[in-house]
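Residue numbering for the sequence shown is 73 to 543, as defined by the numbering used here.
Glycine is no exception: its CB is placed at the ideal position from the N, C-alpha and C atoms.
In what follows, a structure is listed as structure tokens, so that the remarks can point back to it.
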Amino acid sequence: MAKKAETIFFCSECGYETPRWLGRCPGCQAWNTLVESRTVTGNSPAKQGGQRGWLMHETNSQARTSDPRPQDLVHVSTDTIQRISSGLTEFDRVLGGGFVPGSLVLVGGDPGIGKSTLLLQVCAKSKFKSGPVLYICGEESPSQVKLRAARLDVVNAPIKLYPEIIFERIARVILKLKPDLVVVDSIQTMYSEELTSAPGSVSQIREVTAGFLRLAKHLNCTIVLVGHVTKDGAIAGPRVLEHMVDTVLYFEGESHSSLRMIRGFKNRFGATNELGIFEMTGTGLKTVENASLAMIAGRPQGVPGSAITACLEGTRPLLLEVQVLLNDTAYGMPQRMAQGLDRGRISMLMAVLEKHVGLNFGNMDAFCNVVGGLRIDDPAADLAIAAAMTSSYRDVPVKNQALLIGEIGLTGELRPVSAISQRIGEAGRLGFTGCILPGSCRRQGEQMSGKAIPELLYADTLTEALDMAFQ
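Encoded structure:
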């Protein structure tokens, strides 16, 4: 039977396929997520078993002699599971202490942000010892990878390069070499000959990822997949890709800044929302040991519109500077611009300041920014944002060397926040002498009194806190 091309539509969120376009996906109920794709039908290897059946046969032929049996949870041993260091302390922090053998890790990021550089350094510095490290070059030739390795001074590292995009060939090489670590750069370029759709399509990404997952679990090796991101910042391909892997990491940073951040969004073996910070240099990525100092370095003193807060990124306290600029509007509708902050949160805080403090932002543009390119989602930064707004409005600087921590409610009260001791300890380590906290955090604060910061002040309302901040 001759092959025939046909058009299908697939959901970019869940991978649901349909022969015609629909406004709403029947699989995940998302709107406007169906994308057109062309496929070929007819006689094809996919009709004769598919790569999943081939791989199951290959792995089963090397499987254990006895089938696994159900075990009591209490009798399951975890002594044999040991994390393997990546060689980069910040990367290990985000992973939860290092690679877990048999895990499948997805690393996404914007083009040119440094994903390949990061993973080549991981290949060179990782502490795997029993097997080789395999780097699958799907986007670059081995000579191009070697040029990057020369820049990073890791040419002599024991890394095997394999330029290939066909999954079946890659799987056979992995089964033969039995590496400890495999890096696939990138998953969107991988292609299975036993599927008729184009590389990068939903079915290709889903099936190839399923194949890598089976290889990782069967050989107990760590496989890292590099993923492209869309203009919205999500990893390209079906959302099922993120569900299949064990860990999802995003590598991000501002193009004008040398700082790079890797953030965990999913981790079956550790805490999520952990943050690792690197500095991009001419010889590769360097670990930033003192992240808080890097974020507030060069901050001018005594300038209106600036305030310092302590946010919790995963388990790490991080000092960040919030800047606000208020100016008379030149348009009929005032602008509300936010970089690194939620615009809805900014509008809410401005409404609270108008209602309970008596400020008037009706004819003023507001520009808010988090210095360093990070995004703040921690509500403990509310008080610092409100203080920076008030400072810019009154053209009076916030009290020098003061830290502001607290969530603001709609009635103007200060609500408690978590991990007070860690936040205060980080500020004291950097020389801050004062901190304004919600009154409900007095018990935790008194335990740290005199140990990290000499002066701890407590306020129950936003008005009281602002009076303390501008004394």
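Check whether the stretch 403-422 and the stretch 365-385 touch, using three or more Cβ-Cβ pairs below 8 Å as the test.
no
Note down, in chain order, each residue of its chain lying with its Cβ closer than 7 Å to the Cβ of residue 532, except the 5 sequence neighbours on either side.
Residue numbering aside, residue 532 sits at position 460 when the sequence shown is read from its first letter. So the list reads 485, 486 and 511, once near-sequence residues are dropped.
With a threshold of 16 other CB atoms inside 10 Å of the CB of residue 354, please say whether the residue is buried or exposed.
In the sequence shown, residue 354 corresponds to position 282, counting from 1. Its Cβ having fewer than 16 others within 10 Å, residue 354 is exposed.
Every unbroken beta strand (DSSP E) within the stretch 422-500, with a cutoff of 3 residues, ordered by chain:
436-442 and 474-476
Within this structure, are the beta carbons of residue 276 and residue 267 separated by less than 8 Å?
Position 204 of the sequence shown holds residue 276. Position 195 of the sequence shown holds residue 267. Cβ atoms of residue 276 and residue 267: closer than 8 Å.
If we count the other Cβ atoms within 10 Å of its Cβ and call it buried at 16 or more, is residue 460 buried or exposed?
Taking the sequence shown and counting its residues from 1, the one referred to as residue 460 is at position 388. So residue 460 counts as buried.
Identify whether residue 97 lies in helix, strand or coil by the three-state DSSP scheme.
On the sequence shown, position 25 is the one that residue 97 refers to. Residue 97: coil per DSSP, three-state reduction.
DSSP three-state assignment for residue 383, whether helix, strand or coil
Locating residue 383 in the sequence shown gives position 311, counting from the first residue. Three-state result, residue 383: strand.
Can you give the beta carbon distance from residue 238 to residue 263, rounded, assuming they're within the 8 Å contact cut?
Counting from 1 along the sequence shown, the entry for residue 238 is found at position 166. Counting from 1 along the sequence shown, the entry for residue 263 is found at position 191. 6 Å between Cβ atoms; contact.
Residues in the same chain with beta-carbon distance under 6 Å from residue 280, minus the five sequence neighbours each way, listed in chain order, please.
Counting from one through the sequence shown, the residue named residue 280 turns up at place 208. Only 239, 262 and 264 meet the Cβ criterion.
In terms of residues, what are the limits of the beta strand (DSSP E) holding residue 507?
As a working mapping, residue 507 is identified with position 435 in the sequence shown. Taken as a continuous stretch (DSSP letters only), the beta strand (DSSP E) holding residue 507 covers 506-510.
Run through DSSP, which three-state label would residue 407 get?
By one-based count along the sequence shown, residue 407 stands at place 335. If DSSP states are grouped into helix, strand and coil, residue 407 belongs with coil.
Cα-Cα separation between residue 175 and residue 455, rounded to whole angstroms
Taking the first residue of the sequence shown as position 1, residue 175 is located at position 103. Taking the first residue of the sequence shown as position 1, residue 455 is located at position 383. Their Cα atoms are separated by approximately 41 Å.
Under the criterion of a Cβ to heavy atom distance below 7 Å, does residue 194 qualify as lining the ligand MG?
The model depicted lacks the ligand MG and carries no ligand whatsoever.
Which residues in the same chain as residue 408 place their Cβ atom closer than 7 Å to its Cβ, once the five residues preceding and following it in sequence are excluded?
Here residue 408 is taken as the residue at index 336 of the sequence shown, counted from 1. Same-chain partners within the cutoff: 415, 418, 419 and 438.
Integer-rounded CB distance, given that residue 186 should sit under 8 Å from residue 332:
Taking the first residue of the sequence shown as position 1, residue 332 is located at position 260. Taking the first residue of the sequence shown as position 1, residue 186 is located at position 114. So it is a contact: roughly 6 Å between Cβ atoms.
Any idea what DSSP makes of residue 120, helix, strand or coil?
Here residue 120 corresponds to residue number 48 of the sequence shown, with the count starting at 1. Low local confidence applies: a pLDDT of 44 at residue 120 is under 50, so the model's placement there is unreliable, and no value is given.
Opposing strand residues paired with residue 352 [DSSP bridges]
Here residue 352 refers to the residue found at position 280 of the sequence shown. Paired residues: 357.
With distances taken from CA atoms, which of 106, 321 and 398 is nearest residue 182?
Residue 182 sits at position 110 when you count from the first residue of the sequence shown. Ranking the options by Cα distance to residue 182, first place goes to 321.
Three-way DSSP call (helix, strand, coil) for residue 293 in this model
In the sequence shown, the residue the question calls residue 293 occupies position 221. DSSP places residue 293 in coil when its eight states are reduced to three.
Starting from residue 216 and walking both ways along the alpha helix (DSSP H), at which residues does that stretch end?
Start at 1 with the first residue of the sequence shown, and residue 216 comes out as number 144. 214-224 is the span of the alpha helix (DSSP H), which, as asked, contains residue 216.
For residue 15, the residue or residues it bridges with in DSSP:
Shown here, the chain extends from 73 to 543; a query on residue 15 therefore has no answer.
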